[in-house]
Structures are given as structure tokens and as C-alpha cells.
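Notes to accompany the following structure.
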Amino acid sequence: MNSDNHNDNLFFYNIKVKTIYGEDFDLSTLKGKKLLVVNVASKCGFTTQYRQLEELYKEYKNQNFEVLAFPSSDFANQEYSDSQKITSFCQKNYGVTFLIFEKVSVKGKSIHPIYQWLTEKNKNGKKNVSVLWNFQKFTVDENGKWVDYFLPITSPKSKKIVKWINS
Numbered sequence: 037m038n039s040d041n042h043n044d045n046l047f048f049y050n051i052k053v054k055t056i057y058g059e060d061f062d063l064s065t066l067k068g069k070k071l072l073v074v075n076v077a078s079k080c081g082f083t084t085q086y087r088q089l090e091e092l093y094k095e096y097k098n099q100n101f102e103v104l105a106f107p108s109s110d111f112a113n114q115e116y117s118d119s120q121k122i123t124s125f126c127q128k129n130y131g132v133t134f135l136i137f138e139k140v141s142v143k144g145k146s147i148h149p150i151y152q153w154l155t156e157k158n159k160n161g162k163k164n165v166s167v168l169w170n171f172q173k174f175t176v177d178e179n180g181k182w183v184d185y186f187l188p189i190t191s192p193k194s195k196k197i198v199k200w201i202n203s
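Basically the working numbering = 1-based index in the sequence shown + 36.
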């Protein structure tokens, strides 16, 4: 079996996710787009990265690029428990217009399948990675293939991320 192939049940676009409003979202609608997947939190020292994420999204959304934000309380319980508070916070403080999904766990026993795929080599075919804190970033290419990850301290508008979007 070619290492670039994935079992259907491990394929990125088959993962089930819900929007922040609790609606099913079909990841296959993002085929052909480069994706920056980020675990976010409203009460974190890195929360100001929302502004950079929004700027990046606005600059590149017409070039087949999307930001996918997954709120999480896995690190110091720094996210609101209420979805409405999360969306209100993001829109009021940072004017967020990119995709925000339901609050998920990004590590541990209750890890969401999308984060299993992002962090486990046996699912993404590339690398095992631990999510170390809020605002860790993962890049997924236009074909749903895992590309790379960036630590929380990395700016969403870093040269490496922008270069990848433009490649």
C-alpha cells in the first residue's frame, strides 16, 4: 500500500465535525482548499492571535484558503463553556468571520477524531504530534493531506505559514 493512501475511515474529509452552532459540517466541502486548523481559547495569553488569524483569512480566503478554529478547554480551562459566549467573544473582540466549530478535546481520552487525525501518524500518515497548548496550528493541503504543524508561539502570519499558503 502506498504511504500516501489512507483508509476511508481515516481520511480527513470523512471526519464528522459540528459548527459552533451544533450543525453538522461536511469537511469534503473544503476539498481544493488549504486549511489552517487551530485549537483556540478565549481566555489565553495567545488569544490575540485571533486578530492575525482573521487578517490571514481575509487576505487569502479568495485563494482557496480557510481557517478552521476548534475551541478547547484542555489547557487551564481557558475557554467558555457556552457556545454563544465563544462566538460573541470572537466576533465582538476580533471580528472573526472564519469557521468556528464546536468545542472539542484536543488531547487525552476524549480527544475529538479531527485531533486524533492531526496528532496520530497512524491516522494522518505523516507524524505523531502532541498539542502543547492553545493556538497550536496544523496545515492540511488541498487534497486533505497533513502537511505540518506550528507551535502556539508561532504567529498565524509567520513567513513559513504565508509561504505555504502561497505555494
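Where is the CB? At the ideal position from N, CA and C, for every residue including glycine.
- Inclusion of N164 and K157 in the CB contact set at 7 Å is warranted, their separation being smaller than that value.
- Annotation for L104: the continuous beta strand (DSSP E) segment containing it runs 101-107.
- Contact between the segment 70-88 and the segment 49-59 is absent: fewer than 3 CB-CB pairs across the two stretches fall below 8 Å.
- With contacts defined as CB atoms closer than 7 Å, E102 and G131 fail to qualify as a contacting pair.
- The beta carbon of K143 sits closer than 6 Å to those of D110, V167, all from its chain and outside the five residues before and after it, given in chain order.
- Look at N170 here: in three-state DSSP terms it is coil, with no helix or strand label.
- The beta strand (DSSP E) runs lying completely inside the segment 58-82 and spanning 3 residues or more are 60-62, 70-76, given in chain order.
- Judged by DSSP in its simplified three-state form, F186 adopts strand.
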